[in-house]
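Top to bottom, those sequences are chains W and S.
Using this note's numbering, the letters of the first sequence map in sequence onto residues 172 to 434.
Using this note's numbering, the letters of the second sequence map in sequence onto residues 675 to 837.
For reference, the structure is listed below as structure tokens.
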Amino acid sequence: MNEMNKKYALLSKSDDNASQAVDQGKRTFIGGLVGASGLAVAPGVMLYQTAAAKPLEQAVSNAVRWGMLVNVNQCAEDCDDCVTACNDEHGLWPEEGSTTDSQWIRKLTVKDPSTGNAKSLPMMCQHCENPPCVDVCPTGASFKREDGIVLVNMHTCIGCRYCMMACPYKARSFVHETLENQLPDSPRGKGCVESCNMCVNKIDAGDNTTACAEACSKAGHEAITFGDLNDPESDISTQLKAHGGNQIRADLGLNTGVRYQGL
Amino acid sequence: MGILLSKLAVIKHSLALILVLILGMGSVYAVDKHAINVPAPKGEECVEDAKWMRVNHFKTVLNHRDDTVIRGIRTEKHSLKNCIDCHITPNKTGDYARYSNSEEHFCASCHTTAAVSIDCFSCHADRPEHVIRAARQQSQLEALKKNSVHVSATELILNTPQP
Ligand code: SF4
Ligand code: SF4
């Protein structure tokens, strides 16, 4: 654990330019046209973007950008309900006799070396707007969905693991061993890289939350807020507006979709 | 020259005839096996014409795959999950066949007969979700009994002393 502390102590240092706006350019553009909630594509035809469930047959669009806000002050050090919930939602279960298993979300303790102040927080794929994992992927398997969620298309992943090297957050795992008992909504297998998919199955089903956020609320901590960063009325946007939110390693300019308060 | 050509034609025709015979036998065999061992699907009829599906299901599944992964389209009609939910039903003893069971698993029964080796189920679920969750609980109980310890890959790397 102390090893980890040291490695991640670095992470909490760079909060200076952390309040970089979320998709600022796009919001101004849309706002300038018709106000932030709808975009006219032709007379009488409006593209509405709400957090409400999209019809199953409709493709995702960049009218929304999904994100999460973690209030570190509300995250309990001895709690890992978010991790358990993620593992259960996606079937990240250790196989009989396996020595390695994937992590999509993990709990970290970060420590400011100058003050000794330590915080516990969940760390997962930050769903970068400019994702290095996508830049380096030789096959295009690592990609960003229109709505900002960064995924691995396992059908085209060749398992080279460049993306794992490129990710500043160590957010990705490689599946080393043959898996059994995968769940229908989270297909995964040996030879592919995987990471937090922001519960894309739940979002597409209109659940409007993620397994970790749900579990955190259930445990009474309410430390994780999920929502649409593009919608100024959403819970996450209002919280960000009122109290701000930092990006971890904001200096990298990745414009992450996961933000932290209290770091 | 003429004789050679007509000889060739005869060979060609008989080859075609043999092929037809083999194919015919194959399909009878497949239908037979199917009728005996594979449990009946849940639904009344397939989402597409069954005959058409036998020949083309991989195209629909392939299209749907990209629509879902890349564009987030989640219609049920051509989704593999929907196929599995309908076609993988309990056998006479109440068990759900795994893909490795070429006698009873709907997909495997035909793939095996037709000598198709396709890799869907090394990643995708070969049974409905509730069956997998139940199996998971069972194996968890057994693991608890054995008291096995698992270490995550990241932890392994972080805890290994660097040279
Ligand atoms: S956090 Fe890592 S895995 Fe996630 S989008 Fe950014 S670079 Fe990719
Ligand atoms: S491991 Fe897969 S997703 Fe990652 S860079 Fe290689 S091909 Fe792309």
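The C-beta atom is built at its ideal place from N, Cα and C for all residues, glycine as well.
Practice task
With 8 Å as the C-beta to C-beta threshold (strictly closer), list the residues of the stretch 245-270 of chain W near chain S in chain order.
Solution key: G262, W264, P265, E267, G268, S269 and T270
Exercise for the section: Can you tell me which of the three DSSP states D277/W falls into? Expected result: At residue 277/W the sequence reads Arg, which differs from the Asp that was named. In this structure, R277/W counts as strand in the three-state DSSP scheme.
Handout entry: Where W726/S falls: helix, strand or coil (DSSP)
Key = W726/S falls in the helix class under three-state DSSP.
Practice task
Check whether the Cβ atoms of H298/W and G428/W lie closer than 8 Å to each other.
Solution key: yes
Practice task
Using only alpha-carbon positions, find the residue among L815/S, D793/S, L818/S and P802/S that is nearest to L354/W.
Solution key: P802/S
Exercise for the section: With 8 Å as the threshold, decide whether the Cβ of S774/S is near any Cβ in chain W. Expected result: no
Practice task
Give a yes or no on whether 8 Å exceeds the smallest Cβ distance from C757/S to chain W.
Solution key: With 8 Å as the cut-off, C757/S does not count as an interface residue toward chain W.
Practice task
Indicate whether the contact test is met: 3 or more Cβ pairs, each with one atom in the stretch 381-395 of chain W and one in the stretch 241-254 of chain W, closer than 8 Å.
Solution key: yes
Practice task
Please decide whether H392/W counts as near chain S, where near means a Cβ-Cβ distance under 8 Å.
Solution key: Contact with chain S is absent for H392/W, since none of that chain's Cβ atoms lies less than 8 Å from the residue's Cβ.
Practice task
Per DSSP, which residues does A771/S bridge with? Please list them.
Solution key: In DSSP, A771/S forms no bridge with anything.
Practice task
Would you please verify whether the beta carbon of M325/W is less than 8 Å from any beta carbon of chain S?
Solution key: Closer than 8 Å: yes.
Handout entry: 6 Å CB neighbourhood of D800/S in its chain, flanking five on each side removed
Key = Residues of the same chain with a CB within less than 6 Å of the CB of D800/S, apart from the 5 flanking positions on each side, are R772 and Y773 in chain order.
Practice task
Output yes if chain S places a C-beta closer than 8 Å to the C-beta of G415/W; else output no.
Solution key: no
Handout entry: Buried versus exposed call for P764/S [16 or more other C-beta atoms within 10 Å across all chains shown]
Key = exposed
Exercise for the section: Inspect the beta-carbon positions of N417/W and N301/W and report whether they are closer than 8 Å. Expected result: no
Exercise for the section: Taking only heavy atoms of ligand 2 into account, decide whether any of them is closer than 7 Å to the Cβ of S313/W. Expected result: It does: the Cβ of S313/W is within 7 Å (strictly closer) of some heavy atom of ligand 2.
Handout entry: Interface flag, D422/W vs chain S, CB-CB below 8 Å
Key = no
Handout entry: Residue closest to P309/W, alpha-carbon to alpha-carbon, out of G377/W, C334/W and C370/W
Key = C334/W
Practice task
State buried or exposed for F732/S, treating a residue as buried only when at least 16 other CB atoms are found within 10 Å of its CB.
Solution key: exposed
Exercise for the section: Quick one: using the 10 Å Cβ neighbour count with 16 as the cut-off for buried, is N242/W buried or exposed? Expected result: buried
Exercise for the section: Compute every distance between the C-beta of P309/W and the non-hydrogen atoms of ligand 2, then say whether any falls below 7 Å. Expected result: P309/W Cβ: within cutoff of ligand 2.
Handout entry: Alpha-carbon to alpha-carbon, M727/S and V721/S
Key = 9 Å
Problem - Per DSSP, the bridge partner or partners of A289/W - result: K282/W
Handout entry: Cutoff 8 Å: V729/S Cβ touching any chain W Cβ
Key = It does not; no Cβ of chain W falls within 8 Å.
Practice task
Run down chain S in chain order and give the residues with a C-beta less than 8 Å from the C-beta of Q353/W.
Solution key: C797, H798, A799 and I806
Exercise for the section: For E260/W, count neighbouring Cβ atoms within 10 angstroms of its own Cβ and tell me buried if that reaches 16, exposed if not. Expected result: buried
Exercise for the section: May I ask you to check if the CB of Q297/W is nearer than 7 Å to at least one heavy atom of ligand 1? Expected result: yes
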